[in-house]
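Comments concern the structure below.
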Ligand code: UD1
């Protein structure tokens, strides 16, 4: 059986790693990795391949940054010949980035079977580009591999044939549990001079928080208030760095600004944080898996299980965000949702092997 994985942006790589490993353990499986080149900086891409020990991509489409339409079109144009040449039995796409939907469109038009890892998540907010990517990819995929039961419900509600839906659990948690020991040896707190459970860790990069100057300034002001109470560590995504103005940096005060971190260094900082402030999808899950309080700077989440069963809380209002962050404390053991057990990728490999 020939499997072709398509990845392109940072959050895809953590999901690819366990699936590639699990499929490598199945006899008779040949795997190819296509990197679209949506993310290309070492800190956003190659460092993850090294850190997570993923084999180098067999093909890099080198699309780079562009508008949504141009980027999606470029991926489709360059991906189609690769699929036609290799004729895989299955194409695996991950998450909700532009690379995911572009590959899904190509496969569906040339009748190559498509499996979507992390299917069925819905924020209900179509102003998020990722929500459009999720809806379209799930509409087209032949096999919908879901990370949580709410995702199954969403898909059934949309009329998806139940035979195409398979609950497998969360592959991000596979990577987290696999890497936790190594993360603990990164000594990130010592390097930054912060104490365990006494700092806030921040990531902010969604267009809804960073593209509009007044909103970005308000969010940075809230982080400045948090920094008066505890050290704030803030690895900055390239999109956010491009938009931060001098006045925003001044409002931040004593915040430790870093470049994007490799996977295990970041995981070390997440596991040792007092609170995580984020608008990322993956961090909502990682904090729940680790039992670390998470404040999500958004009006909604496509990962409701992190709120109902985990440590996540939505905090779109900057004043409330600062108040909640200052009162947050980790309160003991993590409670992991069903299927967040480190074995999701094994279940995916079994499912694909059974389908042939
Ligand atoms: C993309 C995903 C988002 C995901 C995020 C994780 C989509 C629609 N969005 O958003 O879901 O949460 O990745 O990081 O697919 N840039 C660099 N170096 C890079 C990559 C990007 O400097 O390696 C800069 C470019 O100027 C680019 C901007 O960052 O224009 C945004 O990159 P893009 O891939 O368009 O979207 P992200 O905001 O990264």
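Numbering (my numbering), first residue to last: 38 to 393. All C-beta atoms, glycine included, are put in the ideal place defined by N, C-alpha and C. Model, not experiment: these values are computed from the prediction.
Helix, strand or coil at residue 77 according to DSSP, with G and I counted as helix: Translated into the one-based positions of the chain shown, residue 77 becomes position 40. Correct three-state label for residue 77: coil.
Per DSSP, cross-strand counterpart(s) of residue 152: Stepping through the chain shown from its first residue, residue 152 is reached at position 115. For residue 152, which the question treats as bridged, DSSP gives the partners 129, 180.
8 Å Cβ shell around residue 105 - same chain, five flanking residues per side excluded: For this step, residue 105 is matched to residue 68 along the chain shown. Cβ neighbours of residue 105 beyond the five flanking positions: 135, 166.
Exposure label - residue 40; buried when at least 16 CB within 10 Å: Taking the chain shown and counting its residues from 1, one reaches residue 40 at position 3. Residue 40 should be labelled buried.
Candidates 185, 141, 82, of which the one nearest residue 345 by Cα: For the purposes of this step, residue 345 is identified with residue 308 of the chain shown, where counting begins at 1. Nearest C-alpha to residue 345: 185.
Backbone secondary structure at residue 72 - three-state DSSP: On the chain shown, residue 72 is found 35 positions in, with the first residue counted as 1. Note: residue 72 maps to strand in three-state DSSP.
Check: residue 81 C-beta below 8 Å from any heavy atom of ligand 1: Within the chain shown, numbered from 1, the residue matching residue 81 stands at position 44. Flag set: Cβ of residue 81 near ligand 1.
Selected residue, minimal CA-CA separation from residue 131, among 242, 319, 349: Taking the first residue of the chain shown as 1, we reach residue 131 at position 94. Looking at the Cα atoms, 319 is the closest of the given residues.
Span separating the alpha-carbon of residue 115 from that of residue 126: The residue you call residue 115 lines up with position 78 of the chain shown. The residue you call residue 126 lines up with position 89 of the chain shown. So the two alpha carbons sit approximately 19 Å from each other.
Reduced DSSP category for residue 67 - H, G, I as helix; E, B as strand; rest coil: Here residue 67 refers to the residue found at position 30 when the chain shown is read from its first residue. Here residue 67 sits in strand by DSSP.
Beta-carbon spacing of residue 158, residue 336 below 9 Å: As a working note, residue 158 is residue 121 in the chain shown. As a working note, residue 336 is residue 299 in the chain shown. Not a contact, by the Cβ cut-off of 9 Å.
CB contact flag (residue 54, residue 215, <9 Å): If you number the chain shown from 1, residue 54 lands on position 17. If you number the chain shown from 1, residue 215 lands on position 178. Taking 9 Å as the Cβ cut-off, residue 54 and residue 215 qualify as a contacting pair.
Reduced DSSP secondary structure (H/G/I, E/B, other) of residue 158: Numbered from its first residue, the chain shown carries residue 158 at position 121. If DSSP states are grouped into helix, strand and coil, residue 158 belongs with coil.
Buried or exposed (CB count within 10 angstroms, at least 16 for buried), residue 235: Residue 235 sits at position 198 when you count from the first residue of the chain shown. With fewer than 16 other Cβ atoms within 10 Å, it is exposed.
Residue 167: CB within 8 Å of a non-hydrogen atom of ligand 1: Here residue 167 refers to the residue found at position 130 of the chain shown. Yes.
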